[in-house]
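One structure below.
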Amino acid sequence: MKGRERATDVLVKLMAGEKITTDVDGKAYYQVSERSLERDTKLIRETLAANEADYQLRQKGKTYWLTRDGTLASEEILALLKIVIGTRALTRDELVRVKDHLLGLVSDTERPAMQKLISTTLVQYSPLFSNGDHEILPRLKDFAGWVAKKTPIKFHYRSSVPDAKGRTLAKPGSGVPLSIYFADFYFYVVMYIPEQNDSLIYRLDRFQDARATRTVIKVPRDKKIDEGALRNRTYLLSGGSDTPYEFRYWGYPQTALDKLPNSRITDWNRADGSVTIKGDHLASQGALLWVLSQGAQIQVMAPQSLVTAVKDELARTLKHYG
3 MKGRERATDV
13 LVKLMAGEKI
23 TTDVDGKAYY
33 QVSERSLERD
43 TKLIRETLAA
53 NEADYQLRQK
63 GKTYWLTRDG
73 TLASEEILAL
83 LKIVIGTRAL
93 TRDELVRVKD
103 HLLGLVSDTE
113 RPAMQKLIST
123 TLVQYSPLFS
133 NGDHEILPRL
143 KDFAGWVAKK
153 TPIKFHYRSS
163 VPDAKGRTLA
173 KPGSGVPLSI
183 YFADFYFYVV
193 MYIPEQNDSL
203 IYRLDRFQDA
213 RATRTVIKVP
223 RDKKIDEGAL
233 RNRTYLLSGG
243 SDTPYEFRYW
253 GYPQTALDKL
263 PNSRITDWNR
273 ADGSVTIKGD
283 HLASQGALLW
293 VLSQGAQIQV
303 MAPQSLVTAV
313 KDELARTLKH
323 YG
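The sequence shown begins at 3 in the working numbering and counts up one residue at a time.
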C-alpha cells in the first residue's frame with residue numbers, strides 16, 4: 003500500500019470512529035515503519051486544517067483519533083430536542099432516530115452531557131395516542147414533495163366526527179397539497195379541493211392513504227395559500243372558515259395574544275380589568291373549543307355565529323349538572 007493510499011485508509015478508519023496506533027500493531031497492519039505512519043498522521047492533520055474541516059486529530063502517546071467540532075451549538079440542539087419531545091408528535095422510534103442525528107451535530111466533548119440531559123426526558127416520553135405506532139415522518143416527506151411540486155393526489159381521510167355507530171370512517175377525496183404547518187401537537191396540510199373550490203385544512207395523521215395522480219388540477223390564484231400566508235392566520239386547532247373576531251378578555255392578555263397570532267389589543271377597560279382583542283382571521287372549528295377552555299375569563303363579542311355556538315354549548319353542558 004503506497005503512502006497516499008495508506009494515509010487515505012487511515013483517515014477513513016479515523017472518520018469511522020476507530021483509533022490508529024503507530025506502535026507495533028499499527029506497523030504490523032500496514033507493514034511500514036513507525037516513522038511512515040507518523041508522516042501519514044501529519045499529512046492528515048495538515049489536510050484537515052487546510053480544508054477547515056470540522057474534525058480535529060487528537061493524539062495521546064502513539065494513539066490517534068478524530069474528534070468533531072459541533073455543527074450546531076449544544077444549546078441549539080438541546081432546544082430543538084426539547085421542542086420535539088414536547089410536541090409528542092413522533093413515535094418513540096422516530097424520536098430516537100432524530101435524537102441520534104441531532105446529537106451527531108454536537109461536538110464530541112459536549113455530546114455525553116447532552117445525552118444525559120435528554121435520556122432522563124426520553125424515559126417518560128409518551129407519543130400521542132391518536133398516532134399509535136404509525137410513523138409520521140415518511141408521510142411528512144411524501145406531502146412535502148407534493149407541496150413542492152403542487153402535485154395532485156387522491157386519498158382516504160379519516161374524519162374526526164363519528165357516525166351513528168361511533169365509527170370514524172375514512173372517506174375518499176382528491177386535491178392539491180399547498181402547504182404544511184405544525185400546531186397544537188399535530189402536522190396539518192392545507193389542500194385545494196376542486197369539488198369545493200376551496201382550500202381546506204387536513205390533519206396529516208388522519209390520512210389513511212395518499213398517492214400522486216396524473217389528474218390535472220389547476221389551483222385558482224386566490225386559493226394558493228402558502229406558508230407565509232398561514233403565519234398571518236389563526237387556525238388554533240383545525241379547519242373551519244376564516245372570519246374576523248372580537249373578544250373581551252379578563253385573563254393575562256399575553257395568554258390570549260400568544261394563542262391568537264397577529265391579534266391586537268384595541269381597548270383597555272380599566273373599570274373591570276378586561277381588554278378588547280380583535281383579529282381578522284379565526285377558524286371557527288377550533289375557536290369554540292378554545293373559548294370554552296377560557297371559562298369566565300372571556301366573552302365573545304363577534305362574530306355572532308360564535309356567540310351563538312358558545313351559548314348553545316354552555317346550555318348543553320349545564321344539563322349535565324342539572
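Built from N, CA and C at the ideal position, the CB exists for glycine as well.
To which residues does DSSP link Trp148 through a beta bridge?
Looking at the DSSP assignment, Trp148 forms no beta bridge with any residue, so it has no partner.
Could you tell me which residues DSSP pairs with Thr23 in its beta bridges?
Thr65
Inter-stretch contact at 8 Å, needing at least 3 Cβ pairs: the segment 191-209 / the segment 146-161
yes
Three-state secondary structure assigned by DSSP to Glu197
coil
Give me the DSSP bridge partner(s) of Val192.
Ser181 and Ile203
Ser109, DSSP secondary structure in three states
coil
Report the residue from Leu180, Thr23, Leu83 and Thr215 whose alpha carbon sits nearest the alpha carbon of Leu104.
Leu83
Terminal residues of the continuous alpha helix (DSSP H) containing Val14?
Gly5 to Met17
Nearest neighbour of Thr123, chosen from Glu48, Asp224 and Leu97 [CA to CA]
Leu97
In three-state DSSP terms, what is Ser161?
coil
Three Cβ pairs or more, each shorter than 8 Å: is that satisfied between the segment 215-223 and the segment 244-255?
no
Inter-residue spacing [alpha-carbon to alpha-carbon] between Phe145 and Ala185:
17 Å
I'd like to confirm the pairing. Which residues does DSSP put opposite Gly209 in its beta bridges?
With the sequence shown as reference, residue 209 is identified as Phe, and Gly is not the correct amino acid for it. Bridge partners of Phe209: Tyr159.
Below 8 Å on the Cβ atoms is my contact criterion, and I expect Ile155 with Arg213 to pass it. Report the Cβ-Cβ distance as a whole number of Å.
6 Å
In whole angstroms, what is the alpha-carbon distance linking Lys62 and Glu54?
22 Å
Helix, strand or coil for Lys280 per DSSP?
strand
So, does the CB of Val178 fall closer than 7 Å to a CB anywhere in chain B?
This model lacks chain B altogether; it includes just one protein chain.
Determine the direct distance from the alpha carbon of Tyr190 to that of Arg216, and round the result to whole angstroms.
24 Å
Rounded to whole angstroms, what is the Cα-Cα separation between Arg113 and Pro255?
40 Å
Whose CA, out of Pro140, Asp110, Ile22 and Thr111, lies closest to the CA of Arg99?
Pro140
Considering Ala51, what are the terminal residues of the alpha helix (DSSP H) in which it resides?
Glu36 to Ala52
Thinking C-beta only, is Leu74 closer than 7 Å to Ile46?
no
Compare the C-alpha of Arg60 against each of Leu290, Gly19 and Glu36 and name the closest.
Gly19
Considering only DSSP beta bridges, list what Leu74 is partnered with.
Answer is none; Leu74 lacks a bridge partner.
Considering Cα atoms alone, identify which of Arg250, Leu50 and Leu80 is closest to Ile279.
Arg250
To the nearest angstrom, how far is the alpha carbon of Gln296 from that of Thr93?
31 Å
Given a cut-off of 7 Å on the beta-carbon distance, is the pair Glu36 and Lys29 in contact?
yes
Do you know how far the Cα of Val108 is from the Cα of Lys143?
25 Å
Using only alpha-carbon positions, find the residue among Tyr188, Met193 and Tyr183 that is nearest to Ser176.
Met193
Asn264 versus Gly281: straight-line alpha-carbon distance, rounded:
7 Å
Would Ser276 and Trp252 qualify as a contact pair, given that the criterion is a beta-carbon distance under 7 Å?
yes
Using a Cβ-Cβ cut-off of 6 Å (strictly less than) and excluding sequence neighbours within five positions of Thr69, which residues of its own chain qualify?
Gln58, Arg60 and Asp110
Label Leu262 either buried or exposed according to how many other C-beta atoms from any shown protein chain fall within 10 Å of its C-beta, with 16 as the threshold for buried.
buried
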